[in-house]
Each structure stands twice: as structure tokens, then as C-alpha cells.
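Notes follow once the structure below has been shown.
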Amino acid sequence: MLTLSVLCERSFFFMKEAIARISQAIEVSLLSVKYQMQQETLWQAVSDRDCSFEGKFFYGVRSTGIYCRPTCPSRRPNRNQVCFFESAQSAEAAGFRPCKRCHPQSETVLNTTKNKIMAACQYIEAQVDRIPTLLELGSHIGMSPTYLQRLFKQIIGVSPFQYADALRVGRLKQCLQGGEEIAHALYNTGYGSSSRLYEKAPQQLGMTPRIYQGKGATMRIAYTIVPSPLGYLLVATTEKGICAVKLGDEADVLERTLILEFARADILRDDHTYKEWVQAILDLIVRDLPDLDLPLDIQGTAFQKQVWQALQKIPYGETRTYTDIARDLGKPQAVRAVGNACGANPIALIVPCHRVVRSNGSLGGYHWGIERKQKLLAYEAKQSEEKPN
Ligand SMILES: [Zn+2]
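Going by our numbering, the first residue of the sequence shown is number 37, and it counts up by one from there.
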């Protein structure tokens, strides 16, 4: 009996050891998968010159011994010559020299780049009766047209032309609403000859200038921007309710996105009128406010609105998958459409699109940046854990 129990104990010990070894092996292979995925992401960022990765890593090219920022305008190197570094220091410690085009060693370049793009926006805004060319914009801010086009799109979200065009149609709408004579309005806002506008009018105005003029009524939007634990928070309201809640790293980029989205409206900054609403939204970031009932004024298709309502029913501290939402709406096939509706959610936080994740457990996308989604979910999980329930 005694021997048997010793034997059992021994085999139990060996089994435990074997299990430990297997799980260690699994862990190692998981780590290497994670490492591979990370490398792929970084390489993708280099290939796309994705400026949202600026300052987050650097890449070195073994064949040249030079290291660069992910957004460097130089030709993309061969994938197998590339290695990645967390900092300029670590690249230099590994013997790489800084690139003379993107100056990866200097911290100020990022800000300078952003300031240049902002200067380009201001330049576009100042040309009220025409759209400047890329070449002109580039020489104004000292940047090559192609690089400018790419960076502008990454930072502002649309091309310089699309930006100028949205402002132009906004100005035209205001002139028409103000009762200005159509031909004058067209000329003064940079459309030149009226025949050109008549070609574009159906899509941009949704109707002819004359009918548009008959409709009148301008939408008024008040907005404010405040710092929050998740970066800057922009809250915009019409007379009917909140029409936009946005999160971002840069206050002026948020401001410009709003102007672009509501080109037709009169937009004014107002830091006082809706202070309490803004405070309530800030509170939403750090705790559950189940009874919060703010008036909303959101535009969307019937399906989008259904999705947004479904999102508002996800309890604080919990998540659902895109598949769950599609099934709950009685449209199990519409998983992708649900994802698109989440991405189009105009009201961050109040409509908690951050609580929807992929079925495989990964976070999925987030219009306001995946890091913010991660942070929000972590806050919420922590809060609901602490709450005695
Ligand atoms: Zn470079």
C-alpha cells in the first residue's frame, strides 16, 4: 500500500512537471506569435507611412545602417533588411545612424510637421474664393506636394482638395441661405462659372441652388473642447441636442473635423452653455451613469440608429460582439454592417460603441483610436469589479 501511494505520488509529480513544460512551451509559442503580429503591424505602418505611429517606434535598414521614422518620405526598404526599435537611442546603440531626410533623432519634427499641416489648413481657409493647388500649398508650407497630400490625409482625414471643397460648399450654402443672388454666390465662393456648379450641385447640395435657396433655415451648432483622461473631448450640440462627441489627441484637428462634417451649419465655440452636459460626459469615462439621459440629435440611416440604440443597452463593464448585436437585431448576417454602424457612431461614450469587440476576443476597431478603446474597457472593467454587486 505504502509503495503504491509513493508510486502514485511520483507519477503525479511527473505529470505535473510534464504539464508545466507543455504550458511553458505553449506560452513561448504564443509569445512568438504575438511578436510576429507586432512585427507585421510595424511593417504595415512603415509601408503606409502611417503617421499615427510617429514617435512610437523607429526602423533601421541593415543594408544602409540608417534608421528612420515610420513616416520617412524615402523609398521603402526591403522587408528583410528592416529591424524595429522602440527609441532613437536604442537604434543608435545598435549602431544605426539617423536618416538625413526624416531626422529621427529630433523630437520636434513631429510637432513641426503637424504645425505645417495646420498652416496648410489655415491657408486653404483664407482663400475664400478659390481652391489653392497642391503645388501652391506645398510651397507655402515648405513641403513636397506628394508628401503634403499624404500627411494631410493622415492628420485631417481627407485630402487638401476635399477639405477645401467641403469648406467651399459650406460657404456657398451660407451665401444661398443668406439670400445672396445665385450667380454672385457661386462666383464669390470659388465655383467660377455657374455651369460648373450646376454639374456638381445635385451631389453637393442634394438639390439645385435655387431650390436650396428656397429652403432657408441654417443649422446652428455650439461646441466646446475640454481635456479628458482620454485626450481632448469635443462636444457639439444643435438646438435639439448633442450632435457629436469626439475624442482625439489634438484639439484643432477635432475642431476641423467638426467643421468638415457640418459644413452647412453655423458653428460657434461656446464653452459655457452646455457645461453640465460636458461634465456628465466626462463622468461617463470614469463611472457608470445608468440614468444619464441627454437629448441627442443624430443623423443616420434607420439601421444605424437601431445599432446605436442596441449599443446603449450594453451594461457598463460588459462587452458584446458584433455578431451578438447583429443577432439581437434579428439580422445575423449583418455583422459587417453592424461594424460599419459602430464606426459611424457620431457620439462617442454616450453611445458606447467601445463595448463591442470581435468574436475572437480581439478589440476590433475604434473610430477614436484603438488605445482609447482599450483604456475605456479597462476603466470600466476595473470600476465594475470594485463595485460590490
Ligand atoms: Zn528617413
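We treat Cβ as the ideally placed atom computed from N, Cα and C, and that holds for glycine.
Is I160 closer than 8 Å to L187 when the C-beta atoms are compared?
Within the sequence shown, residue 187 is the residue found at index 151, counting from 1. Within the sequence shown, residue 160 is the residue found at index 124, counting from 1. Result no, Cβ atoms of L187 and I160 do not sit closer than 8 Å.
Close Cβ partners of H220 (< 6 Å) along its chain, the five nearest in sequence each way excluded:
Numbered from its first residue, the sequence shown carries residue 220 at position 184. None.
Please confirm if the segment 284-301 is in contact with the segment 256-271, defined as three or more CB-CB distances below 8 Å between the two stretches.
yes
What residue does the beta strand (DSSP E) around D288 start on, and which one ends it?
Indexing the sequence shown from 1 puts residue 288 at position 252. Run containing D288: none in the beta strand (DSSP E); it sits in the alpha helix (DSSP H), 287-297.
Hey, how far is the Cα of S420 from the Cα of L296?
The sequence position of residue 420 within the sequence shown is 384, counting from 1. The sequence position of residue 296 within the sequence shown is 260, counting from 1. Those two C-alpha atoms are separated by around 37 Å.
DSSP on R323, reduced to helix/strand/coil?
Residue numbering aside, residue 323 sits at position 287 when the sequence shown is read from its first letter. Reduced to three states, the DSSP call for R323 is coil.
Among P106, E90, A380, which residue has its Cα nearest to the Cα of K341?
As a first step, residue 341 is located in the sequence shown; it is residue number 305 there, counting from the start. Checked all of P106, E90, A380; the closest Cα to K341 is A380.
In whole angstroms, give me the CA-to-CA distance for S142 and A81.
Counted from its first residue, the sequence shown places residue 142 at position 106. Counted from its first residue, the sequence shown places residue 81 at position 45. Each residue's Cα considered, the two are about 20 Å apart.
Please list the terminal residues of the continuous alpha helix (DSSP H) segment that includes L412.
On the sequence shown, position 376 is the one that residue 412 refers to. It spans 406-422 - the alpha helix (DSSP H) in which L412 sits, taken as one unbroken run.
Grouping DSSP H, G and I as helix and E and B as strand, with all else coil, what is P245?
Counted from its first residue, the sequence shown places residue 245 at position 209. Three-state DSSP puts P245 in a helix.
Can at least three beta-carbon pairs, one atom from the segment 328-336 and one from the segment 274-285, be found at a separation below 8 Å?
Output reads yes: the segment 274-285 touches the segment 328-336.
Counting only the same chain and skipping the five closest in sequence on each side, list residues whose C-beta sits under 7 Å from that of C108.
The count along the sequence shown starts at 1 and reaches residue 108 at position 72. The residues C135, R137, C138, in chain order, have a CB closer than 7 Å to that of C108 in the same chain once the five nearest residues on each side in sequence are set aside.
Alpha-carbon to alpha-carbon, E122 and G91
Along the sequence shown, read from residue 1 onward, the residue named residue 91 stands at position 55. Along the sequence shown, read from residue 1 onward, the residue named residue 122 stands at position 86. Roughly 9 Å between the two C-alpha positions.
Whole beta strand (DSSP E) elements within the segment 111-163, 3-residue minimum:
Along the length of the segment 111-163, whole beta strand (DSSP E) runs at least 3 residues long occupy 118-121, reported in chain order.
Buried or exposed: where does D302 fall if 16 or more other Cβ atoms within 10 Å of its Cβ makes it buried?
As a working mapping, residue 302 is identified with position 266 in the sequence shown. Exposed: under 16 other Cβ atoms inside 10 Å.
Assuming V262 is part of the beta strand (DSSP E), what are its boundary residues?
As a first step, residue 262 is located in the sequence shown; it is residue number 226 there, counting from the start. 256-264 is the span of the beta strand (DSSP E), which, as asked, contains V262.
Just the C-alpha distance for R323 and Q410, rounded to the nearest angstrom, thanks.
Position 287 of the sequence shown, counted from the start, is the residue given in the question as residue 323. Position 374 of the sequence shown, counted from the start, is the residue given in the question as residue 410. The alpha-carbon atoms of R323 and Q410 are separated by roughly 16 Å.
Answer with buried or exposed for H390, where buried requires no fewer than 16 other C-beta atoms within 10 angstroms of its C-beta.
For the purposes of this step, residue 390 is identified with residue 354 of the sequence shown, where counting begins at 1. H390 is buried by the Cβ-count criterion.
Less than 8 Å between the beta carbons of A127 and G96, yes or no?
Residue 127 sits at position 91 when you count from the first residue of the sequence shown. Residue 96 sits at position 60 when you count from the first residue of the sequence shown. Yes, they are a contact pair.
In whole angstroms, what is the alpha-carbon distance linking T309 and S395?
Working through the sequence shown from its first residue, we reach residue 309 at position 273. Working through the sequence shown from its first residue, we reach residue 395 at position 359. Distance between the alpha carbons of T309 and S395 is about 42 Å.
Rounded to whole angstroms, what's the CA-CA distance from F94 to S398? Just pull it up for me.
Position 58 of the sequence shown, counted from the start, is the residue given in the question as residue 94. Position 362 of the sequence shown, counted from the start, is the residue given in the question as residue 398. Distance between the alpha carbons of F94 and S398: 25 Å.
Option in I102, A155, S110, P113 with minimal Cα separation from A129
Taking the first residue of the sequence shown as position 1, residue 129 is located at position 93. When only C-alpha atoms are compared, the closest one is I102.
Taking 6 Å as the limit, name every residue whose beta carbon sits nearer than that to some heavy atom of ligand 1, in sequence order.
C104, C108, S110, C135, R137, C138
Determine whether the beta carbon atoms of P196 and L170 lie at a separation below 8 Å.
On the sequence shown, residue 196 is found 160 positions in, with the first residue counted as 1. On the sequence shown, residue 170 is found 134 positions in, with the first residue counted as 1. Going by C-beta atoms, P196 is nearer than 8 Å to L170.
Distance, A155 Cα to Q185 Cα
Numbered from 1 along the sequence shown, position 149 holds the residue referred to as residue 185. Numbered from 1 along the sequence shown, position 119 holds the residue referred to as residue 155. Using only the alpha carbons, I get a separation of about 14 Å.
Residue from E172, I177, K189, T182 with nearest C-alpha to D86
For this step, residue 86 is matched to residue 50 along the sequence shown. For the residues E172, I177, K189, T182, the minimum Cα distance to D86 belongs to K189.
Judging by CA-CA distance, which residue of T357, R112, T100 is the nearest neighbour of W79?
Your numbering for residue 79 matches position 43 in the sequence shown. That would be R112, whose Cα lies nearest to the Cα of W79.
What residue range does the alpha helix (DSSP H) around A202 cover?
By one-based count along the sequence shown, residue 202 stands at place 166. Residues 196-213.
Could you tell me which residues DSSP puts in a beta bridge with T357?
Here residue 357 is taken as the residue at index 321 of the sequence shown, counted from 1. V393, per the DSSP bridge assignment.
Would you mind stating whether A272 and G206 have Cβ atoms separated by less than 8 Å?
In the sequence shown, residue 272 corresponds to position 236, counting from 1. In the sequence shown, residue 206 corresponds to position 170, counting from 1. Their beta carbons are not under 8 Å apart, which means A272 does not touch G206 by this criterion.
Along the chain, where does the alpha helix (DSSP H) containing A280 start, and where does it finish?
Reading the sequence shown from its first residue, position 244 is the one you call residue 280. A280 -> not in any alpha helix (DSSP H); beta strand (DSSP E) instead, spanning 278-284.
Using alpha carbons as the reference points, say which of G178, T149, D201, M179 lies closest to I167.
For the purposes of this step, residue 167 is taken as the residue at position 131 of the sequence shown. The candidate whose alpha carbon is nearest that of I167 is D201.
Who are the near neighbours of L385 in its chain, counting only those whose CB is closer than 7 Å to its CB and skipping five residues on each side?
The sequence position of residue 385 within the sequence shown is 349, counting from 1. Cβ within range, chain order: V281, I317, L320, I321.
As a quick exercise: from F339, G215, P382, pick the residue whose alpha carbon is nearest that of D364.
For the purposes of this step, residue 364 is identified with residue 328 of the sequence shown, where counting begins at 1. It is F339.
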